[in-house]
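**Q** This is the structure I want to talk about, given as structure tokens.
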Amino acid sequence: MRRSWHVVAAVVLAGAVSGCGVVDDLRATGFSRQSGLEIATAASEAMADVTSMRLTGQLRVNGNPIVLDLSLGDRTCTGSMRFDKGHFAVRRVGGRAWVKGDATAFSRIASTPLSAAATAQLSTTWIPADDEAILGLCDLDRYLESFSLSGSEQGGSGKGKGKGKDEAISFDDVTVGEETTQDGDRVVEVTTTPTETSWVLSEAPHYVIRVEDRTPRDGGFLNLSEFNRDVHVEAPRGKDVLRP
12 MRRSWHVVAA VVLAGAVSGC GVVDDLRATG FSRQSGLEIA TAASEAMADV TSMRLTGQLR
72 VNGNPIVLDL SLGDRTCTGS MRFDKGHFAV RRVGGRAWVK GDATAFSRIA STPLSAAATA
132 QLSTTWIPAD DEAILGLCDL DRYLESFSLS GSEQGGSGKG KGKGKDEAIS FDDVTVGEET
192 TQDGDRVVEV TTTPTETSWV LSEAPHYVIR VEDRTPRDGG FLNLSEFNRD VHVEAPRGKD
252 VLRP
């Protein structure tokens, strides 16, 4: 439907602005005319220098939407997850992590029904959650590795956290789409897989600022922003942490 709307609009405007294609081409930056591999390389190098960032967006897990808002630093993290009217706050400091949810969230994930007293206690205290799932959710390295080019010659040169590890994906088949504007910044659309599209800033540093995955049940989108800002997180006070 969106494509049809553009076709109709083009027909209506053709007589009055027949030269707009030339104007748009003149406005395109030199960066947007580079090859997919060149753009991917520039983005990979920029993301390797990232020391912190904010992630916002919505993912689907088995068809269920999860809304994320996370600020990630060097082994620090603070933010929230929302799903099915439930809400979890999360903090990470070093190798420790804590979560605090509301009554709806705990009711949804509990394997057995919770008493009102238990729900009240859980929803008013921070719960230690030093498992791999929560620590991984708050791991800046884990996100930055996904933007690294495969191949050891690309890794290890950045000042930030992304170092091009063995898990890095290849950008050999990146295709370049249109250059557009998002939030006032010129961005280049690049497709990395049949279902995944990223948007890279046209101006240096060439950060990736949005990623979309169109996988039917497990896709979603993430916006990346607030690069290289301080992410100050304090551990919950002892009296606010649940004790067995």
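Per this note's numbering, the sequence shown starts with residue 12, numbered consecutively. Every residue gets a Cβ at the ideal spot worked out from N, C-alpha and C, and that includes glycine. Everything numeric in this text was worked out from a predicted model, so none of it was measured.
Considering L151, what are the terminal residues of the alpha helix (DSSP H) in which it resides?
**A** Locating residue 151 in the sequence shown gives position 140, counting from the first residue. Boundaries of the alpha helix (DSSP H) harbouring L151: L151 to E156, taken from the DSSP string.
**Q** In chain order, what residues of the same chain have a beta carbon less than 7 angstroms from the beta carbon of T87, not counting five sequence neighbours either side?
**A** Numbered from its first residue, the sequence shown carries residue 87 at position 76. For T87, same chain residues with a beta-carbon under 7 angstroms away, outside a window of 5 residues either side, are R103, V104, V242 and V244 in chain order.
**Q** Whole angstroms is fine: what's the gap from K111's alpha carbon to V198's?
**A** By one-based count along the sequence shown, residue 111 stands at place 100. By one-based count along the sequence shown, residue 198 stands at place 187. In a straight line, the C-alpha of K111 is about 37 angstroms away from that of V198.
**Q** When DSSP labels each residue in this structure, what does L146 get in the three-state scheme?
**A** On the sequence shown, position 135 is the one that residue 146 refers to. The answer is helix: DSSP assigns L146 an H, G or I state.
**Q** With DSSP as the reference, label F42 as helix, strand or coil.
**A** For the purposes of this step, residue 42 is identified with residue 31 of the sequence shown, where counting begins at 1. Looking at F42 - three-state DSSP - the assignment turns out to be helix.
**Q** Check whether the Cβ atoms of R119 and D141 sit closer than 8 angstroms, and answer yes or no.
**A** One-based indexing of the sequence shown puts residue 119 at position 108. One-based indexing of the sequence shown puts residue 141 at position 130. Going by C-beta atoms, R119 is not nearer than 8 angstroms to D141.
**Q** May I have the straight-line CA-CA distance separating R44 from T186, to the nearest angstrom?
**A** Along the sequence shown, one-based indexing puts residue 44 at 33. Along the sequence shown, one-based indexing puts residue 186 at 175. Each residue's Cα considered, the two are about 11 angstroms apart.
**Q** Would you identify the three-state DSSP class for K111, choosing helix, strand or coil?
**A** As a first step, residue 111 must be located in the sequence shown, where it is residue number 100. K111 falls in the strand class under three-state DSSP.
**Q** Touch check for the segment 223 to 242 and the segment 57 to 66: three-plus C-beta pairs under 8 angstroms?
**A** Verdict: yes, contact present.
**Q** Take D177 and list the residues in its own chain whose beta-carbon comes closer than 8 angstroms to its own, dropping the five residues that flank it on each side.
**A** In the sequence shown, the residue the question calls residue 177 occupies position 166. A caution first: D177 carries a pLDDT of 42, below 50, which makes its placement in the model too unreliable to give a value.
**Q** One question on the structure: do D224 and T206 come within less than 8 angstroms of each other, judged by their Cβ atoms?
**A** The residue labelled residue 224 in the question sits at position 213 within the sequence shown. The residue labelled residue 206 in the question sits at position 195 within the sequence shown. A contact, by the Cβ cut-off of 8 angstroms.
**Q** Report yes or no: do the segment 50 to 57 and the segment 65 to 84 share at least 3 C-beta pairs separated by less than 8 angstroms?
**A** no
**Q** Under the assumption that V211 contacts C149 (Cβ atoms under 8 angstroms), give the Cβ distance between them as a whole number of angstroms.
**A** Counted from its first residue, the sequence shown places residue 211 at position 200. Counted from its first residue, the sequence shown places residue 149 at position 138. So it is not a contact: roughly 25 angstroms between Cβ atoms.
**Q** In chain order, what residues of the same chain have a beta carbon less than 8 angstroms from the beta carbon of P255, not counting five sequence neighbours either side?
**A** Translated into positions along the sequence shown, residue 255 becomes position 244. Around P255: no qualifying Cβ.
**Q** Which value, in whole angstroms, describes the spacing of the CA atoms of F158 and L233?
**A** If you number the sequence shown from 1, residue 158 lands on position 147. If you number the sequence shown from 1, residue 233 lands on position 222. Distance between the alpha carbons of F158 and L233 is about 13 angstroms.
**Q** Specify, as a first and last residue, the run of the alpha helix (DSSP H) that A215 falls within.
**A** Against the sequence shown, residue 215 aligns to sequence position 204. Taken as a continuous stretch (DSSP letters only), A215 belongs to no alpha helix (DSSP H), as it is neither H nor E.
**Q** Residue ranges of each alpha helix (DSSP H) run of no fewer than 4 residues wholly in the segment 60 to 145, ordered along the chain?
**A** 114 to 120 and 127 to 133
**Q** Note down the Cα distance separating T208 from V222, rounded to an integer number of angstroms.
**A** To locate residue 208, count along the sequence shown from 1; it is residue 197. To locate residue 222, count along the sequence shown from 1; it is residue 211. Between T208 and V222, the C-alpha separation is close to 6 angstroms.
**Q** Counting C-beta neighbours from all protein chains within 10 Å, is the total for A129 16 or more, i.e. buried, or is it exposed?
**A** Position 118 of the sequence shown holds residue 129. By the neighbour-count rule (16 or more Cβ atoms within 10 Å), A129 is not buried but exposed.
**Q** Below 8 angstroms on the Cβ atoms is my guess for L79 versus Y154; work out the distance and round it to an integer in Å.
**A** Taking the sequence shown and counting its residues from 1, the one referred to as residue 79 is at position 68. Taking the sequence shown and counting its residues from 1, the one referred to as residue 154 is at position 143. Not quite, the Cβ-Cβ distance comes to about 11 angstroms (not below 8 angstroms), so this is no contact.
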